[in-house]
Ligand code: PPE
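Numbering (this note's numbering), first residue to last: 618 to 925.
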């Protein structure tokens, strides 16, 4: 998806013009993939722009770095303040996507990441529906990937590691080339893990089920957690249970969740319709409640919003 430039990018504590926010070609992360990132959204609300679950995202960024043994030279508070400042200076009143990235910079070569300088950037730009407006409304066509999600001893799956997305990229390309919208990845034990950049839920007999992130080798989604709260508030229990591909084929409803994607219904899995192929009632309720919550329309979720 093309990027629409904004004005300034926050780089290591300084706001730099968009076009000048560049780095050396011998940047360590560019060669070896050790680095971590986040995806955050800010939304237009009646009282100005607000960043959704900012602190949780920045905490996950620090956790990702802890796993990778990258020492981030900014505190949680400093990162949150930097994020707000980046939104303020960029005229994104209608909302934006935000990309914080911690990367290892220029100065050292060789696989050992520890000696490299640690750099942090935060960029924002307007980003529309990640899986397309048609998908958000009618559901997306999913394909179970032939690529296996990382084994937990191959790649730390709780860390949003830059290099980890090679696995996602392979699955995404395979799905797109085969004419699908997105891939579902199974772990080394053939259990359902997650999608290339989203978590997954199914609904069966009125019960909402999602794979347990840690055991399934999936990222612990902040949208996933928000959806659990919304479901509970509407009288639905959510259970975290291992699932197989059959469970996907036999689901009454299914949807995926992520910051970029938001809540998107699943129309079919490997050409088997989910339910009757149309977004189901529980999916629609969660999708619309989430859309209202992020826009500050529901007072019970106000604590999720960081005003800039
Ligand atoms: N799994 C993966 C692999 C993943 O990348 C994401 C977010 C999620 C689950 C959902 O996590 P959360 O955003 O906390 O609900 N993917 C980010 C990157 C997307 C991209 O293309 O880049 C995102 O949604 O921002």
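Even glycine gets a Cβ: it sits at the ideal position worked out from N, Cα and C. The structure presented is a predicted model; accordingly, all values stated were derived computationally and were not measured.
Alpha-carbon to alpha-carbon, residue j and residue i
i           : j           : result
residue 810 : residue 911 : 26 Å
residue 889 : residue 902 : 23 Å
residue 789 : residue 762 : 8 Å
residue 823 : residue 857 : 14 Å
residue 624 : residue 700 : 14 Å
residue 840 : residue 828 : 14 Å
residue 621 : residue 717 : 16 Å
residue 756 : residue 731 : 44 Å
residue 875 : residue 785 : 14 Å
residue 777 : residue 685 : 10 Å
residue 687 : residue 908 : 35 Å
residue 842 : residue 905 : 16 Å
residue 639 : residue 626 : 10 Å
residue 751 : residue 893 : 17 Å
residue 662 : residue 919 : 11 Å
residue 814 : residue 725 : 31 Å
residue 727 : residue 917 : 50 Å
residue 745 : residue 713 : 9 Å
residue 887 : residue 637 : 44 Å
residue 633 : residue 808 : 45 Å
residue 652 : residue 805 : 24 Å
residue 793 : residue 800 : 8 Å
residue 665 : residue 925 : 8 Å
Where residue i falls: helix, strand or coil (DSSP)
i           : result
residue 923 : strand
residue 701 : helix
residue 862 : helix
residue 618 : coil
residue 776 : coil
residue 667 : strand
residue 648 : helix
residue 764 : strand
residue 641 : coil
residue 811 : strand
residue 715 : strand
residue 912 : coil
residue 744 : coil
residue 731 : coil
residue 771 : coil
residue 907 : helix
residue 660 : strand
residue 726 : coil
residue 709 : coil
Proximity test, residue i beta-carbon vs the ligand PPE heavy atom, cut-off 7 Å
i           : result
residue 761 : no
residue 656 : yes
residue 814 : yes
residue 854 : no
residue 913 : no
residue 811 : yes
residue 753 : no
residue 785 : yes
residue 838 : yes
residue 875 : yes
residue 910 : no
residue 768 : no
residue 904 : no
residue 878 : yes
residue 676 : no
residue 833 : no
residue 841 : yes
Contact set for residue i: own chain, Cβ-Cβ below 7 Å, skip 5 residues either direction
i           : result
residue 848 : 825, 855, 903
residue 891 : 868, 870, 871, 883, 884, 885
residue 671 : 657, 697, 700, 923
residue 595 : Since the first and last residues shown for the chain are 618 and 925, residue 595 lies out of range.
Cβ shell of residue i (< 8 Å), same chain only, five flanking positions each side left out
i           : result
residue 691 : 630, 699, 737
residue 680 : 775, 776
residue 641 : 722, 723
residue 707 : 623, 624, 625, 713, 741
residue 678 : 653, 654, 655, 689, 696, 717, 719, 777
Cβ shell of residue i (< 6 Å), same chain only, five flanking positions each side left out
i           : result
residue 675 : 693, 696, 697
residue 830 : 837
residue 896 : 756, 882
residue 781 : 772
residue 766 : 802, 804, 810, 834
residue 740 : 626, 716
Complete beta strand (DSSP E) runs within the region 833-882 (minimum length 3 residues, chain order): Runs found: 855-857, 870-875.
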